[in-house]
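Residue numbers (our numbering): 257 to 557. The beta carbon of each residue, even a glycine, is placed where N, CA and C say it ideally should be.
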């Protein structure tokens, strides 16, 4: 298979179970109110007044990371003028576990298979149209959905709520600062066109864990500059390369210019008919390319 689609709620539930079986202390709800660093440790102040002292603070709370800002790390990026409309749908005919992605002038329209003949729908439209879909009545949304979806899987019905997110690129200028490391969307928030945001986050988490475990094993400080720089060097190129390629895909596939249409057709034909190109594309889409950390190779730390 190309990969697996996992619902966010199931990932979160699995993580909660894993945390509950460990010696991790959970302080929730809690927000960062202050961060101070010294050569030997970091001190975090929470919004309820509690303070925590640690060797390393990890910012993994998504775009607009409070940890990133507190550490003095800026970000660069831009908005795409698009919104992602996300919903779960059920089809009349079996999807066979096959994902479909259509590249339309407004942006990609992805049908990502789930269990029970359901699919996660990621529907990219211009911002104004995305907001209109958010505000549409159930009947109007269903009419737009049916027209966009087509009839190749029979009738389609929306299940549950619809979410609309503005789409943008946001890259942290640095992955680390004194006693601080960034992960996931706090480090790089990219367009969902290639489905690589979660993969990048998992790679980053696995890489930081491996670097920290190796540092602890040889008696080094896990929050020291040299330790964190090893993590940054490991992940920097892959993060930038995936972000740049995703940005290029957005500009290539969200444009109806005749020359770009021709280029898209030639490129997709090459992927479909040249086995090595198809294999590389599948590995890249599954996040299995590059210098993978041990955890993503199925090895213990």
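Less than 8 Å separates the beta-carbon of residue 416 from that of residue 344.
Using a 10 angstroms sphere on the CB of residue 264, the tally of other CB atoms stays under 16, which defines it as exposed. For residue 404, the secondary structure class from DSSP, reduced to helix, strand or coil, is helix. For residue 371, no beta strand (DSSP E) segment is defined, and its DSSP state is neither H nor E.
Uninterrupted alpha helix (DSSP H) stretches at least 4 residues long and entirely within the stretch 261–336 occur at 264–276, 322–326, given in chain order. In the DSSP assignment, residue 412 falls within the beta strand (DSSP E) that extends over 412–428.
Rounded to the nearest whole angstrom, the C-alpha separation of residue 483 and residue 549 is 16 Å.
In the DSSP assignment, residue 476 falls outside any beta strand (DSSP E), carrying neither H nor E.
Counting along the chain, the unbroken alpha helix (DSSP H) around residue 384 starts and ends at 383–391. Under the DSSP definition of a beta bridge, residue 432 partners with 437. The C-beta of residue 405 has 16 or more other C-beta atoms within 10 Å across all chains shown, which makes the residue buried. Each of 358, 502, 333, 481 was checked against the Cα of residue 377, and the nearest Cα belongs to 358. Linking residue 368 to residue 477 through their CA atoms gives a straight-line distance of about 43 Å. Counting along the chain, residue 357 sits inside the beta strand (DSSP E) bounded by residues 356–360. Secondary structure of residue 338 (DSSP, three-state): strand. DSSP, read as helix, strand or coil, puts residue 377 in strand. Look at the beta carbons and you see the stretch 338–356 not touching the stretch 455–465: under three pairs across the two are nearer than 8 Å.
In this model, residue 508 and residue 430 are separated by some 28 Å (Cα to Cα).
No Cβ-Cβ contact shorter than 8 Å links residue 303 with residue 284. Residue 293 sits away from residue 491, with the two beta carbons spaced by 8 Å or more. The shortest C-alpha to C-alpha distance from residue 418 to any of 433, 403, 392, 298 is the one to 392.
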